[in-house]
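Chains as they are written, first to last, in the UniProt record's numbering: chain A, 1 to 268; chain B, 1 to 349; chain C, 1 to 306.
Idealized CB from N, CA, C, for every residue including glycine.
Read through the structure below, which is laid out as structure tokens, and then see the notes.
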């Protein structure tokens, strides 16, 4: 394999600047000592991070996001694991159609999901509640939970389960003692990817949000729509920092390209 | 009295017949091999015994009890898989203990039996290792110990040695046979390796295309193959077209320039079969099949000769016992004892 | 629908063989039933209700009237405003797709040729933003573009590339640039996956036959990664056409696309039936484009996908 030439490296440098500039500028502005947006930043101050304390709306939204993300990913896995096992191991009529249905939230524009859920939840009278938000996010993250679990189930050596059966294990024991531990890496990364999806989602959630059940991205979006000031950049900087930490951890434990590979076929 | 009995067992996948009319009685303590090329139905039959596949027809009985309604988990069979199928997240000891745990064996007894099982397969002290940290041979032993520790009625071995290298495979064959004799466990081995089947089994079931070709002891199947398939699958065989003709009051068997008094049996076009190691060389004056040595290959403890005879190509194997052997290009006569010769109806094989 | 999805859902033959007993045939249904019930109740039903909603009537004072009329569809069909808005939506999506392909494909190739540890580090730098909140990333562009004295303009003037500040905020140019940034990881990832499938010796083989480096790229590499670029293009296009936060923040209130218009109808004007019609039309358009182009690509590159 040949090395990259100087032109390639120049292109690469410009590309990296392009990718990092908007993220860097957010973090830079977050540390401004001024009371208004100013670039370049003169000096360094944590005043806008301290100011966050007096805006409970962001803190509350952060907790809502955390809960919705964690809970919806867990619930989605509860449905996705049995479904993945069935799809991975059995030929049954309608199998292709059912898998397509399960992956369909990847292809449906989130604005359509938002519109549909808003209409549905309004009709059944739970619009603007936490459970409604949760159910919507379960559907949203289900494909990610399913994909990685499915990959783990397909890659599993079936004779290991046969061995356990021949030794007397059956049903729930077989699942808990043998099957689940063997697909656990896929399940855990499925949860992580599902959580990230839920935590970042804004388009669908903006339709379902109501005071008290606003996720952090929605609160940020609504804030930015009104005005852009250093406060929202300090919130963004926090979100970026949290994502970076999660990213490094995920890369350490599972390999980022494997996680993202499940991410990349969103349109399929 | 039959301990494990397969009664006209058959299996079809859609239109494809995988096993047909499989009948076999296995005595208690017997070591049986299912031998055949891949796709002959041997693994399918094993999976039906194990309960992972349901037979399309026929019955499988264990100690007189029909297994049809018995779930795999309740059959009490020990199975060693080709891939070993060890539980990667459990240690060797935990792997072996798993079946005992499922049976509710108390902890103290469990630990003692796991210790004994590890010692039996020569892995004492390896209990805390995880399978991934063990060699292929060690994993194989853990799989064997795991299958045997539950004291199964029948031990099923699915190509258990095929992933080991040649030297280790030979050692394991001897060890496996020793353990099986000591425990007296009824054992069914699936293999495509004829030397393995012959080395281990009391009886061999030779299979081809879903059907049984022959059931017999290793010696019987080798010396008196029931079909062309068996004689070819179990070692090498020379075949010569010949003819049985009436000759005065009796009948005579003619192949090329050779004549033998014909044994009772078929007349007309026949095929003579004779194993390469049963053929000897005689000088040009003797009464035998005229041949010329095309290639002489030295193989350590024996010589292999490729000969061109008046009735087609032939292989001859001679012990390397210090005697002079014919050189390439030399004209020889091939001779063998009448009782080492087989006769099959029909001309070309 | 792409090649990857097809391989992950193909059942291993052993699994099919092991599931012949009657109880085993009921098992898969018992396993998929909970998820299936959930999807029917909470996805299929709401989508059907939305389609139905698009045929309902709406009045300023009466609200939604549950009758079946073609009024909303007729309005979208006849009012040039909606045509212009949909054309704008797909124009922005197409430009963003072209931009990601032009920048992302070469970058993926450069990354592919890097050595560790740089390869891993820059892969993280390029793909990492995918997981960072879209709002935070778009906010970054809003700061860069911001007004006459935005950093982007200052930088470009300093480099001598332009002499007057360009308008980025509230323009299609700005939306396309920000969208390209948001979608870039999908393109790089898709091309990266195609590059991973290349025989590492193939460049050496071509070079040994006398090909120069440009010929190697044009004749050997590009044809093989084309399916990756096209697959990435479909992903980027469909996500850009349905993007919401980026056009809403950079495009502002006047530069409407389909998503932001549906949002306005639902949460500002409160004309839900019209908003539903816009959303359903967007869904149909995207499904048709994605399914159609997938089929075209798979037919054209059938042998590469095998």
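- For residue 11 (chain B), no alpha helix (DSSP H) run applies; the uninterrupted beta strand (DSSP E) run containing it begins and ends at 2 to 13, by DSSP.
- A Cβ of chain C is located within less than 8 Å of the beta carbon of residue 20 (chain A).
- Going by DSSP, residue 147 (chain B) is part of no beta strand (DSSP E) but of the alpha helix (DSSP H) stretching over 136 to 148.
- When C-beta distances to chain B are compared with 9 Å, the residues of the stretch 156 to 170 of chain A below that value are 157, 158, 159, 160, 161, 162, 163, 164, 165, 166, 167, 168, 169 and 170, in chain order.
- Against chain A, a Cβ distance below 9 Å from residue 73 (chain C) picks out nothing, because the smallest value is about 16 Å.
- Between residue 182 (chain A) and chain B, the shortest Cβ-Cβ separation is below 8 Å.
- Three or more beta-carbon pairs drawn from the stretch 180 to 194 of chain B and the stretch 156 to 164 of chain B are found closer than 8 Å, and the two stretches are therefore classed as touching.
- Between residue 237 (chain C) and residue 93 (chain C), the gap from beta carbon to beta carbon is short of 8 Å.
- Listed along the chain, the chain C residues whose CB falls inside 9 Å of the CB of residue 80 (chain A) are 35.
- The residues 119, 122, 123, 126, 188 and 192, in chain order, have a CB closer than 8 Å to that of residue 111 (chain C) in the same chain once the five nearest residues on each side in sequence are set aside.
- Residues of chain A whose Cβ lies closer than 9 Å to the Cβ of residue 225 (chain C) do not exist, since the nearest Cβ in that chain is about 14 Å away.
- In the three-state reduction of the DSSP assignment, residue 25 (chain B) falls in the strand class, which pools E and B.
- For residue 294 (chain B), the closest C-alpha among the options B:340, B:329 and B:343 is that of B:329.
- Burial state of residue 316 (chain B) is buried, judged by a 10 Å Cβ sphere holding 16 or more other Cβ atoms.
- Annotation: residue 118 (chain B) is outside any beta strand (DSSP E); the continuous alpha helix (DSSP H) that includes it extends over 107 to 120.
- Contacts with chain C at 8 Å (Cβ-Cβ) do not include residue 245 (chain A).
- At a cut-off of 8 Å between beta-carbon atoms, residue 122 (chain C) makes contact with chain A.
- Inclusion of residue 4 (chain B) and residue 185 (chain B) in the CB contact set at 8 Å is not warranted, their separation being larger than that value.
- For residue 219 (chain B), the nearest beta carbon of chain A is not closer than 8 Å to its own beta carbon.
- Cβ contact annotation for residue 169 (chain B) (same chain, cutoff 6 Å, sequence separation greater than five): 161, in chain order.
- Only 47, 49, 50 and 53 from the stretch 47 to 70 of chain C bring a Cβ to less than 8 Å from some Cβ of chain A.
- In this structure, the alpha-carbon of residue 67 (chain B) lies about 31 Å from that of residue 83 (chain A).
- For the pair residue 80 (chain A) and residue 146 (chain A), the CB atoms are nearer than the 8 Å cut-off.
- Between the alpha carbons of residue 279 (chain C) and residue 138 (chain C) lies a distance of about 23 Å.
- The beta carbons of residue 210 (chain B) and residue 41 (chain B) sit closer together than 8 Å.
- Ranked by Cα distance from residue 198 (chain A), the first of A:179, A:109, A:17 and A:215 is A:215.
- In the three-state scheme derived from DSSP, where H, G and I count as helix and E and B as strand, residue 246 (chain B) is classed as strand.
- Per DSSP, the continuous beta strand (DSSP E) segment holding residue 319 (chain B) begins and ends at 312 to 319.
- Here the alpha carbons of residue 281 (chain B) and residue 324 (chain B) stand approximately 11 Å from one another.
- CA-to-CA, the gap between residue 170 (chain A) and residue 89 (chain B) works out to about 18 Å.
- DSSP, reduced to helix, strand and coil, places residue 73 (chain C) within a helical segment of the structure shown.
- Residue 79 (chain B) reaches chain A at 162, 163 and 166, counting residues in chain order whose Cβ is nearer than 8 Å.
- Residue 249 (chain A) has a beta carbon lying at 8 Å or more from every beta carbon in chain C.
- With contacts defined as CB atoms closer than 8 Å, residue 135 (chain C) and residue 112 (chain A) fail to qualify as a contacting pair.
- Between residue 294 (chain C) and residue 286 (chain C), the alpha-carbon positions lie close to 12 Å from each other.
- DSSP places residue 29 (chain A) in no beta strand (DSSP E) but in the uninterrupted alpha helix (DSSP H) bounded by 6 to 30.
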